[in-house]
Amino acid sequence: METGKNSFERAAGVLLPVSSIPSPYGIGSFGKEARNWVDFLHDAQQSYWQILPLTPTGEGDSPYQSFSAFAGNPYFIDLDTLYEQGLLKREEYADIDWGASDKSVDYTKMYQHREPVLRKAFSRFKDDAALDAFIEGNPWFEYFSLYMVIKETQGLHSWLEWEAPLRNRDQGAINSVRAEAAEEIRFHAFVQYQFDKQWNALRAYANMKDIQIVGDIPIYVSLDSADVWENRLLFQLDENSIPLEVAGCPPDYFSADGQLWGNPLYDWGAMSKSGYEWWISRLKKNFKLFDVLRLDHFRGLESYFAIPYGDTTAKRGYWKPGPGAEFIDMVNKTVQGASIIAEDLGFQTDGVRKLLEYSACPGMKIVQYAFDDSEAGEHLPYKYETNSVVYTGTHDNDTLKGWYKNASRSHVRHAMDYIGIRNKREVPRGMIRLALQSNSSLAIIPMQDWLELDSYARLNTPSTVGKGNWRWRLEKKMLTTKLTDEMTQMTQMYGRNKKEEKM
Numbered sequence: 014m015e016t017g018k019n020s021f022e023r024a025a026g027v028l029l030p031v032s033s034i035p036s037p038y039g040i041g042s043f044g045k046e047a048r049n050w051v052d053f054l055h056d057a058q059q060s061y062w063q064i065l066p067l068t069p070t071g072e073g074d075s076p077y078q079s080f081s082a083f084a085g086n087p088y089f090i091d092l093d094t095l096y097e098q099g100l101l102k103r104e105e106y107a108d109i110d111w112g113a114s115d116k117s118v119d120y121t122k123m124y125q126h127r128e129p130v131l132r133k134a135f136s137r138f139k140d141d142a143a144l145d146a147f148i149e150g151n152p153w154f155e156y157f158s159l160y161m162v163i164k165e166t167q168g169l170h171s172w173l174e175w176e177a178p179l180r181n182r183d184q185g186a187i188n189s190v191r192a193e194a195a196e197e198i199r200f201h202a203f204v205q206y207q208f209d210k211q212w213n214a215l216r217a218y219a220n221m222k223d224i225q226i227v228g229d230i231p232i233y234v235s236l237d238s239a240d241v242w243e244n245r246l247l248f249q250l251d252e253n254s255i256p257l258e259v260a261g262c263p264p265d266y267f268s269a270d271g272q273l274w275g276n277p278l279y280d281w282g283a284m285s286k287s288g289y290e291w292w293i294s295r296l297k298k299n300f301k302l303f304d305v306l307r308l309d310h311f312r313g314l315e316s317y318f319a320i321p322y323g324d325t326t327a328k329r330g331y332w333k334p335g336p337g338a339e340f341i342d343m344v345n346k347t348v349q350g351a352s353i354i355a356e357d358l359g360f361q362t363d364g365v366r367k368l369l370e371y372s373a374c375p376g377m378k379i380v381q382y383a384f385d386d387s388e389a390g391e392h393l394p395y396k397y398e399t400n401s402v403v404y405t406g407t408h409d410n411d412t413l414k415g416w417y418k419n420a421s422r423s424h425v426r427h428a429m430d431y432i433g434i435r436n437k438r439e440v441p442r443g444m445i446r447l448a449l450q451s452n453s454s455l456a457i458i459p460m461q462d463w464l465e466l467d468s469y470a471r472l473n474t475p476s477t478v479g480k481g482n483w484r485w486r487l488e489k490k491m492l493t494t495k496l497t498d499e500m501t502q503m504t505q506m507y508g509r510n511k512k513e514e515k516m
């Protein structure tokens with residue numbers, strides 16, 4: 014975030030969630046297939062792998078509505094690796110029904126079967142010193158583990174519905190939980206320890222292959238989370254811990270009602286008085302996991318949209334000032350070498366533009382948006398500044414093939430005229446070329462767009478819950494030599510190949 018410095022050398026990468034990596038066990042993991050994926054990226058001359066948040070999924074299976082901003086998703090722990098360590102027998106996980114399709118994650122099956130398998134592995138784990146070291150080295154774990162243990166005893170209800178002593182973290186009640194659930198707490202330590210160990214090994218492998226990992230950090234956290242339960246004075250809550258207002262975004266071209274996310278809003282005044290300690294701890298934790306971070310909803314640092322709690326739409330929301338430059342200064346002071354991509358999409362103001370410039374973070378450009386009436390001026394490829402990251406689309410967009418099938422005829426015609434093509438089936442490759450040939454230092458292409466997949470492969474449709482979001486999985490057979498060669502050729506053509514290949 015150093016002012017005046019361009020964040021990236023010219024390069025290319027691919028967006029693919031860990032959940033989408035091929036696996037025989039229902040969901041992507043940190044195992045062999047993840048290394049095969051890294052090898053594919055390396056062979057295709059890619060320099061970056063962007064993923065979605067690695068935190069546990071919450072409401073609607075969303076990685077953006079997690080029980081914790083610090084914990085890792087147990088589903089990503091590789092079961093074959095636990096087998097190799099002698100912690101599992103192959104029949105204990107290989108014969109389980111993990112879902113009917115290798116094209117989609119069945120989160121119900123994950124919820125039913127993953128934890129019992131991990132508990133079997135824990136029953137054979139004997140390295141108490143490793144768990145003790147993990148607990149000591151991760152201060153966030155104490156309240157996360159207590160939260161998860163209590164949540165299990167409270168019928169998985171939100172902490173707002175717990176018995177008063179537990180809801181309010183009465184010290185006597187908390188001490189009783191620690192004593193009575195000591196083994197359960199160590200199980201959660203085992204899960205998080207294995208997550209960290211496996212992810213760190215995968216990241217080291219990627220870095221060895223000259224692949225940098227781009228992580229993703231949501232600006233907000235879920236109300237039903239250990240973070241709010243433990244730190245409620247840092248959020249805008251009333252005396253009963255009910256949100257005064259919640260997060261979202263205003264009505265726009267895409268949604269007449271706006272978007273009602275429902276996350277509690279930060280009390281930025283309280284955050285400031287604490288030196289942004291919680292946020293700094295969160296960023297430091299993430300930079301232990303990733304080489305680069307995409308900060309979701311960057312504009313919320315300049316001003317954020319507050320919607321009265323209980324409203325069913327975002328129509329009555331209004332803008333309130335965020336922490337602005339003070340937050341940027343504190344990050345620069347305390348998180349050395351932070352490489353951050355600012356997700357600055359949506360409603361823009363001069364204030365947001367000035368804060369982005371002050372931060373020196375690269376903003377985001379979306380090729381799809383260049384041909385929609387709403388934001389065309391900001392996203393036409395010839396306007397991209399060097400210090401930016403261009404995407405054909407994000408996890409919230411339709412695939413390129415889905416876009417040209419579903420967009421208005423005028424938008425598709427505009428895109429075809431701009432690209433210089435006559436057949437709309439050429440739109441996906443044409444838009445990829447626009448991204449790769451642009452001035453943006455870094456170009457990230459979702460894997461679904463390289464594969465020219467239809468809307469079934471879309472990751473998320475904003476403002477919808479439980480409608481097939483976050484489920485798409487990559488089929489191993491799709492990673493062909495032909496695709497590798499094409500990606501390599503296009504990456505080299507537009508000067509985004511690896512340094513050693515440019516000499």
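Note that the working numbering gives residue 74 to position 61 of the sequence shown, counting from 1, and the numbers run on in steps of one.
In this text, a Cβ means the ideal position worked out from N, Cα and C, and glycines have one as well.
The structure presented is a predicted model; accordingly, all values stated were derived computationally and were not measured.
In angstroms, rounded to a whole number, what distance separates the CA positions of residue i and residue j?
i, j, result
"Asp-489", "Gln-184", "Per the sequence shown, the amino acid found at residue 489 is Lys instead of Asp. The alpha-carbon atoms of Lys-489 and Gln-184 are separated by roughly 51 Å."
"Gln-249", "Val-259", "9 Å"
"Pro-35", "Phe-303", "21 Å"
"Asp-145", "Gly-85", "18 Å"
"Phe-135", "Glu-196", "10 Å"
"Met-506", "Leu-496", "15 Å"
"Arg-182", "Ile-320", "28 Å"
"Gln-450", "Asp-467", "24 Å"
"Glu-176", "Trp-242", "13 Å"
"Glu-193", "Arg-199", "12 Å"
"Ser-81", "Val-234", "8 Å"
"Lys-222", "Ser-423", "43 Å"
"Glu-174", "Ala-338", "37 Å"
"Asn-151", "Ala-107", "32 Å"
"Ile-187", "Tyr-156", "10 Å"
"Asn-419", "Lys-367", "35 Å"
"Tyr-417", "Thr-407", "16 Å"
"Asp-342", "Glu-72", "34 Å"
"Thr-16", "Ser-372", "Its pLDDT being 40, under 50, Thr-16 is placed unreliably in this model, and the value from its coordinates should be taken loosely. So the alpha carbons of these two residues sit roughly 6 Å apart."
Which whole-angstrom value is the C-beta distance of residue i and residue j, which I expect to be below 8 Å?
i, j, result
"Ala-24", "Arg-509", "5 Å"
"Ala-351", "Phe-311", "Actually they are not in contact, since the Cβ atoms of Ala-351 and Phe-311 sit about 13 Å apart, beyond 8 Å."
"Leu-215", "Phe-53", "Not a contact, Cβ separation roughly 14 Å."
"Pro-394", "Ala-383", "6 Å"
"Leu-67", "Phe-83", "Wrong, their Cβ atoms sit about 10 Å apart, outside the cutoff."
"Ile-458", "Leu-65", "About 15 Å; that fails the 8 Å criterion."
"Val-118", "Arg-486", "6 Å"
"Gln-133", "Leu-101", "The amino acid occupying residue 133 in the given sequence is Lys; Gln does not appear at that position. The pair is a contact, with the Cβ atoms about 6 Å apart (cut-off 8 Å)."
"Val-348", "Lys-297", "6 Å"
"Asp-430", "Ile-445", "17 Å between Cβ atoms; not a contact."
Once you ignore the five residues that flank residue i on each side, which residues in its own chain have a CB closer than 6 Å to its CB?
i, result
"Asp-74", "Tyr-120, Trp-483"
"Asp-141", "none"
"Arg-245", "Ser-254"
"Met-500", "Ala-57"
"Asp-237", "Ser-171"
Can you list, in chain order, the residues of its chain whose CB lies under 8 Å from that of residue i, leaving out five sequence neighbours each side?
i, result
"Glu-398", "Asn-452, Ser-453"
"Val-190", "Leu-159, Val-162, Ile-163, Leu-179"
"Tyr-218", "Arg-48, Val-51"
"Pro-336", "Trp-281, Met-284, Ser-285, Tyr-289, Leu-314"
Under a Cβ-count criterion, where at least 16 other Cβ atoms within 10 Å of its own Cβ denotes burial, should residue i be classed as buried or exposed?
i, result
"Asp-91", "buried"
"Gly-99", "exposed"
"Met-123", "buried"
"Val-478", "exposed"
"Met-516", "In this prediction, Met-516 scores a pLDDT of 36, lower than 50, which makes its location untrustworthy; no coordinate-derived value is stated."
"Glu-104", "exposed"
"Leu-169", "exposed"
"Ala-456", "buried"
Which same chain residues, not among the five before or five after residue i, have their C-beta less than 7 Å away from its C-beta?
i, result
"Gly-364", "Glu-315, Ser-316"
"Gly-359", "Cys-262, Arg-312"
"Ile-353", "Met-14, Leu-306, Leu-308, Cys-374"
"Thr-333", "The amino acid occupying residue 333 in the given sequence is Lys; Thr does not appear at that position. Counting only Cβ-Cβ distances below 7 Å, and skipping sequence neighbours, we find Ser-316, Tyr-317, Ala-319."
"Asn-299", "Gly-228, Ile-230, Leu-306"
Go through the stretch 261-344 residue by residue and report every complete run of the beta strand (DSSP E) that reaches 3 residues or more, in order.
272-277, 305-308, 316-321, 331-334
Which residue spans inside the stretch 412-445 form an unbroken alpha helix (DSSP H) run of at least 4?
413-419, 422-432
For a minimum of 4 consecutive residues, which ranges assigned as the alpha helix (DSSP H) are wholly contained in the stretch 14-60?
45-56
Runs of 3 residues minimum, wholly inside the stretch 451-500: which ones carry the beta strand (DSSP E) assignment?
Runs of the beta strand (DSSP E) lying entirely within the stretch 451-500 and spanning at least 3 residues, in chain order: 455-459.
Kindly provide the ranges of any alpha helix (DSSP H) runs that are 4 or more residues long and lie completely inside the stretch 130-183, ordered along the chain.
141-150, 154-166, 177-180
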